[in-house]
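Line by line, the protein sequences are chains A and B.
Numbering that gives the first Met the number 0 applies: residue 0 is where the first sequence begins, and numbers increase by one.
Numbering that gives the first Met the number 0 applies: residue 0 is where the second sequence begins, and numbers increase by one.
2 protein chains.
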Amino acid sequence: MKWEVRISYKKGVLDSEGESTLSGLKTLGFNNVDNVKAAKVYLIEGNLTRRDVEEMCERLLANPVSQDYSISEVK
Amino acid sequence: MKWEVRISYKKGVLDSEGESTLSGLKTLGFNNVDNVKAAKVYLIEGNLTRRDVEEMCERLLANPVSQDYSISEVK
Numbered sequence: 000m001k002w003e004v005r006i007s008y009k010k011g012v013l014d015s016e017g018e019s020t021l022s023g024l025k026t027l028g029f030n031n032v033d034n035v036k037a038a039k040v041y042l043i044e045g046n047l048t049r050r051d052v053e054e055m056c057e058r059l060l061a062n063p064v065s066q067d068y069s070i071s072e073v074k
Numbered sequence: 000m001k002w003e004v005r006i007s008y009k010k011g012v013l014d015s016e017g018e019s020t021l022s023g024l025k026t027l028g029f030n031n032v033d034n035v036k037a038a039k040v041y042l043i044e045g046n047l048t049r050r051d052v053e054e055m056c057e058r059l060l061a062n063p064v065s066q067d068y069s070i071s072e073v074k
């Protein structure tokens, strides 16, 4: 089975990578960019249930204080 | 308009974050994990065409030597 985990920042938490990317794009002249958000994706393969992947998020992949995660199966 | 850019490693390039995540998961006892790949996602909002976003990938977001990018519009 193949799972996709997406880790993003919770609302209200500073997404410093998104902010610095926005600033870099503007410096390069992309003046029409309004907002950039950064997220991390992990593609995880193995004989794993959704519950296993949730546990991976809770124990290693996501910071419960500042990050949200979402899990989807890749067909 | 809102665009999603996904940056991943080209085939044959070492995905060190994927490898270290795999190793960390095994250390935590997730022995059924076979493979982990890491990727980066940017959600970019603004009055931008697909060509603008391609140019952003080529000039800032992706390393053309080691990374691939894919772009999709978020509805």
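Ideal placement from N, C-alpha and C gives every residue a C-beta, glycine not left out.
Computed from a prediction, not measured in an experiment: that's the story for all the values here.
Taking 8 Å as the cut-off, the beta carbon of Arg5/A is found no closer than this to the beta carbon of Ala37/A. Taking C-alpha positions only, Val40/A is separated from Glu3/A by approximately 7 Å.
With respect to chain B, the C-beta atom of Leu47/A has a partner C-beta closer than 8 Å. Counting along the chain, Asp51/A sits inside the alpha helix (DSSP H) bounded by residues 49–55. As a beta-bridge residue in DSSP terms, Val32/B pairs with Gly45/A.
If you draw a straight line from the Cα of Lys74/B to the Cα of Asp51/B, it is about 18 Å long. Residue pairing by DSSP puts Ser71/A in a beta bridge opposite Glu3/A. With a beta-carbon spacing of about 19 Å, Ser71/B and Tyr8/B fall beyond the 8 Å limit used to define contacts.
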